[in-house]
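Remarks on the structure that follows.
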Amino acid sequence: MVHELKIDREYFIAVLEDLKKFEIRFNDRDFKVGDIVILKEIDKVNRKPTGRQIKTKITYITNYEQKNNYVVFGIEKV
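Mapping the sequence shown onto our numbering, position 12 (from 1) lands on 28, and the numbers just tick up by one.
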């Protein structure tokens, strides 16, 4: 499964630079290990896409200590 998700610039840059290797998201998409996640950078001021994106793969998922229906998933760039 491929998921396209918006991500604020500050977090996009952290993923791009390999500083951030996880996402915390509402699990309305039934995320699974092995799914592809396309992270699309959003400008924080005007909330519009910048055109930059990163293709990642989910490597791990947990809902431990999260709000109801939220998950944390580990990602790696592909």
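Heads up, the beta-carbon is just placed ideally off N, CA and C, and yes, glycines get one too.
Around the C-beta of Val49, fewer than 16 other C-beta atoms lie within 10 Å, and the residue is accordingly described as exposed.
Residue Pro65 holds the alpha-carbon nearest to the alpha-carbon of Asp24 among Met17, Glu81, Pro65, Lys93. Assigned with DSSP and collapsed to three states, Val53 falls in strand. Note that the C-beta distance between Glu20 and Lys60 is not below 8 Å.
Beta-bridge partners assigned by DSSP to Leu21: Leu55.
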